[in-house]
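Quick notes on the structure that follows.
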Amino acid sequence: MKRILAAGIIAGGIAAAVGWIVAAPDPLPASALGAHAANVENGKRLYTAAGCLSCHLPAKDDTEADVSLPSGGRALKTPAGVFYPPNITPDATGIGGWTGIQFVNAVKGGISPQNTHYLPAFPYTSYARMTNSDVLDIKAYMDTLKPVQASNRQPDLPLGLPAETVMRRGLGIWKIAAGFGPVEFARDASRDEVWNRGAYLVRGPGHCGECHTPRNWAMALDASRWLAGGPHPEGAGKVPSLRNLKARKRFKDAKDLATALEFGETLGYDKMSSGGMAAVQTNMSKLPAEDRLAIATYLMSLE
Amino acid sequence: MYSRLVSSSRTAVIGLTAVMALSTTAFAGPIDDRQAAMKNVGKAMGALAAIAKKEAPFDAGVVNSNATALADNVKAAKDHFPEGSATGDKETWAKAEIWQNKADFDAKADKAVEAAMAMAAVTAEADFGAALGALGNACKACHTDYRRPKQ
């Protein structure tokens, strides 16, 4: 009996150790990045499409803070607890001094410079589809922003800090279960440039699927129901489907949808503001018209 | 006698209609009432948006009547968010935050009414676009914070 128990403890210990090792982050080495000539303008465009500022805003009650800078601290409610997206301005209290590879590993792999896993509330699962070059351009643009000194706030988790350590490690298992890997966007050669640009923006930086695609048992996006709509990730209401938009008479054509993305409710499009869509639509309005039309062209093609 | 009968039945009919009108407002409940008002707001907004999208010609009369109806209906909707109506016998998309920040919610409603009145005063097509932008932003500001997505 004792031996069985001992064996059980040893087996359990081994399983836990294996799990702990398997769950360890596996960042890319610096050599994975080739030479890069930064394009700040392109970085700004993708930073806007990706909505980086929308999540990394200062706290609501911080009336002194400049809301045009991603100094972080605004509460983000998730089923796991309340998170406060950190300061990502180029200050020492933010991401000042980060190397290119540290930034790429964070944004595309969800791995911190301290080699821990980030929570998927930071939508790196979508950003993983971006090219390294675009991600480095985002960093180049962010490096031009005014540095803000702002300390980061710990998440409010039901079980506190120990729970956070275990949870972060456990995210390694989640990444495996969810089939997550930094797989870049692949063009569809049977489609034209406009469609491919739209597909890239929607699937990668735009992270539209994070809200518009329902999740499976592993809390990963259910690819078979891509953009088919479902419960809101923050648990309030339902996110509409982005499929069959034409057949369902939501939009007449790609031009109509591009107009909706540009003006939203100011032109009477009635489902463009609740549940986080307002910030997305505001970001869309700041993109070049060709990007909005590309996104609309891709979405209208989904049946 | 006959005429008295007619007139009394007429009074009865009038009385009955009044009672029916009363009972519909009394029994509909705040959720129904505000949703009906918001639907009218949406309809009026649709007519104004059609002008902006050049699907309908600019007509100051049409602008005025829709903007006035819109203002009236936002005012009406504002009165149907009593304490305790975050849930009810009917599904509602109003967020509980409304009653945590009622003053801000009411201010946002007032802002929409103000923007609608400014729209009602528009007589030149050149002023229409800016007025619509202000009005639409007033809807967006409130729905962003206080409405859950429906589907």
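Chains A and B are the protein sequences, given in the same order.
According to the working numbering, the first sequence is numbered sequentially starting from 1.
According to the working numbering, the second sequence is numbered sequentially starting from 1001.
Using N, Cα and C, we set each Cβ at its ideal position, and we do this for glycine too.
inquiry  = Cutting at 7 angstroms between CB atoms, please list the residues of its own chain near Tyr1146(B), excluding the five before and the five after it.
reply    = Ala1094, Lys1095, Glu1097, Ile1098, Phe1105
message = Please classify Ser71(A) as buried or exposed, where buried requires at least 16 other C-beta atoms within 10 Å of its C-beta.
response = buried
inquiry  = Does His36(A) come out as helix, strand or coil in the three-state DSSP assignment?
reply    = coil
ask   = Quick one: Cα of Phe180(A) to Cα of Gly268(A), how far?
value = 38 angstroms
query = Taking buried to mean at least 16 other C-beta atoms within 10 Å of its own C-beta, is Pro288(A) buried or exposed?
reply = exposed
task = For Ala1049(B), verify whether its CB is less than 7 angstroms away from any heavy atom of the ligand ADP.
result = Questions concerning the ligand ADP fall outside what the structure shown contains, since it holds no ligand whatsoever.
ask   = So, is the C-beta of Arg1148(B) closer than 8 angstroms to a C-beta in chain A?
value = yes
inquiry  = Is Ala1131(B) close to chain A? Criterion is C-beta to C-beta, closer than 8 angstroms.
reply    = no
request  = Step through the CB atoms of chain B and report whether any lies within less than 8 angstroms of the CB of Glu265(A).
outcome  = yes
Alpha-carbon spacing of Ala32(A) relative to Val1122(B), whole angstroms = 60 angstroms
task = Closer than 6 angstroms by C-beta to Asn1137(B): which residues in its own chain qualify, once you throw out the five before and the five after it? Chain order, please.
result = none
inquiry  = Quick check on the burial criterion: 16 or more other C-beta atoms within 10 angstroms. Buried or exposed for Arg74(A)?
reply    = buried
request  = May I ask which residues mark the beginning and end of the beta strand (DSSP E) holding Thr78(A)?
outcome  = 76 to 78
key: Proximity winner among Ala294(A), Ile88(A), Leu242(A), relative to Ser54(A) (alpha-carbon distances)   = Ile88(A)
message = With a threshold of 8 angstroms between beta-carbons, can Gly1029(B) be considered close to chain A, or not?
response = no
request  = Check whether the Cβ of Gly34(A) lies closer than 8 angstroms to any Cβ atom in chain B.
outcome  = no
key: Spatial distance of Arg187(A) from Pro1057(B) (CA atoms)   = 43 angstroms
message = Beta carbons nearer than 8 angstroms to chain B: which residues of the segment 66 to 82 of chain A have them?
response = none
task = Keeping to the same chain, check which residues put their C-beta closer than 8 angstroms to that of Lys1053(B); ignore five residues upstream and five downstream.
result = none
query = How about Gly1042(B): is its C-beta nearer than 8 angstroms to some C-beta of chain A?
reply = yes
ask   = Which partner residues does Gly81(A) have in the DSSP bridge list?
value = Thr78(A)
ask   = Short check: CB of Asp91(A) to CB of Gln149(A), under 8 angstroms?
value = yes
message = For a quick check, are the C-beta atoms of Ala1037(B) and Ala1077(B) less than 8 angstroms apart?
response = yes
inquiry  = Which residue marks the beginning of the alpha helix (DSSP H) containing Glu1097(B), and which one marks its end?
reply    = 1097 to 1100
ask   = Considering only the beta carbon of each residue, do Pro1149(B) and Val194(A) sit closer than 8 angstroms?
value = no
query = Since Ile111(A) sits in a beta bridge, which residues does DSSP pair it with?
reply = His117(A)
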